[in-house]
Amino acid sequence: PLNAALVLDTSQTVLLDRQQVTIEASRVDGNNFRRNLVTILAELRAGLAVYAPSAMRLVQLIAPQP
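Each position in the sequence shown, counted from 1, maps to that position plus 631 in my numbering.
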(Lines of atoms letter the chains of each structure in order from A and count residues from 1; the text may use other names and numbers.)
(Lines give C-alpha, C1' and ligand atoms only; values in the text may rest on other atoms or scores of the structure.)
Protein backbone atom coordinates (compact mmCIF):
# COMPACT_ATOMS: atom_id res chain seq x y z
CA PRO A 1 0.00 0.00 0.00
CA LEU A 2 0.96 3.60 -0.50
CA ASN A 3 2.82 5.19 2.45
CA ALA A 4 3.34 1.83 4.14
CA ALA A 5 6.29 -0.44 4.89
CA LEU A 6 6.63 -4.06 5.93
CA VAL A 7 8.87 -4.50 8.99
CA LEU A 8 10.34 -7.98 9.40
CA ASP A 9 12.05 -9.68 12.35
CA THR A 10 14.67 -11.70 10.46
CA SER A 11 15.35 -13.96 13.47
CA GLN A 12 11.88 -15.47 12.90
CA THR A 13 12.20 -15.99 9.14
CA VAL A 14 14.37 -17.87 6.68
CA LEU A 15 14.93 -17.49 2.94
CA LEU A 16 14.39 -20.79 1.12
CA ASP A 17 16.59 -20.83 -1.96
CA ARG A 18 14.94 -22.93 -4.69
CA GLN A 19 17.38 -22.05 -7.46
CA GLN A 20 20.68 -20.21 -7.46
CA VAL A 21 20.89 -16.71 -8.86
CA THR A 22 21.31 -16.65 -12.64
CA ILE A 23 22.63 -13.60 -14.44
CA GLU A 24 22.45 -13.15 -18.20
CA ALA A 25 23.70 -10.29 -20.35
CA SER A 26 22.75 -9.67 -23.97
CA ARG A 27 23.13 -7.00 -26.63
CA VAL A 28 20.30 -8.62 -28.63
CA ASP A 29 17.27 -6.76 -27.29
CA GLY A 30 15.54 -4.27 -29.54
CA ASN A 31 18.14 -1.79 -30.79
CA ASN A 32 20.73 -2.40 -28.04
CA PHE A 33 23.46 -3.21 -30.56
CA ARG A 34 23.08 0.09 -32.42
CA ARG A 35 22.81 2.12 -29.21
CA ASN A 36 25.77 0.31 -27.56
CA LEU A 37 23.61 -0.98 -24.68
CA VAL A 38 23.58 -4.25 -22.75
CA THR A 39 20.47 -5.74 -21.15
CA ILE A 40 21.14 -7.60 -17.88
CA LEU A 41 18.66 -10.07 -16.41
CA ALA A 42 19.11 -11.48 -12.88
CA GLU A 43 16.71 -14.08 -11.50
CA LEU A 44 16.33 -15.93 -8.20
CA ARG A 45 13.68 -18.46 -7.25
CA ALA A 46 13.13 -18.35 -3.51
CA GLY A 47 10.51 -18.43 -0.83
CA LEU A 48 10.22 -16.77 2.55
CA ALA A 49 9.28 -18.92 5.54
CA VAL A 50 7.86 -16.97 8.47
CA TYR A 51 7.91 -18.99 11.70
CA ALA A 52 5.87 -16.50 13.74
CA PRO A 53 3.17 -14.33 12.15
CA SER A 54 3.98 -11.65 14.74
CA ALA A 55 7.43 -11.35 13.11
CA MET A 56 5.87 -9.19 10.38
CA ARG A 57 4.19 -5.82 10.82
CA LEU A 58 2.71 -3.45 8.29
CA VAL A 59 3.38 0.12 9.41
CA GLN A 60 2.04 3.39 8.04
CA LEU A 61 4.61 6.01 7.04
CA ILE A 62 3.99 9.67 7.71
CA ALA A 63 5.77 12.27 5.60
CA PRO A 64 7.69 14.84 7.63
CA GLN A 65 6.15 18.28 7.75
CA PRO A 66 8.32 21.11 6.34
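Ideal Cβ positions, reconstructed from N, Cα and C, are used throughout, including at glycine.
Tell me whether residue i sits in a helix, a strand or coil according to DSSP, three-state version.
i	result
Arg-666	helix
Gln-643	helix
Ala-686	helix
Leu-675	strand
Asp-660	coil
Asn-696	The sequence given here places Gln at residue 696; Asn does not occur at that position. Correct three-state label for Gln-696: coil.
Using only alpha-carbon positions, find the residue among the options that is nearest to residue i.
i	options	result
Arg-676	Thr-644, Gln-651 and Leu-668	Gln-651
Gly-678	Asn-634, Leu-633 and Thr-644	Thr-644
To the nearest angstrom, how far is it from the Cα of residue i to the Cα of residue j?
i	j	result
Thr-653	Ile-671	10 Å
Ala-686	Pro-697	33 Å
Tyr-659	Leu-689	Correcting the residue type first, residue 659 is Val in the shown sequence and not Tyr. So the alpha carbons of these two residues sit roughly 41 Å apart.
Is it true that the CB of residue j sits closer than 8 Å to the CB of residue i?
i	j	result
Leu-647	Ala-683	no
Ala-656	Leu-692	no
Val-669	Asn-663	yes
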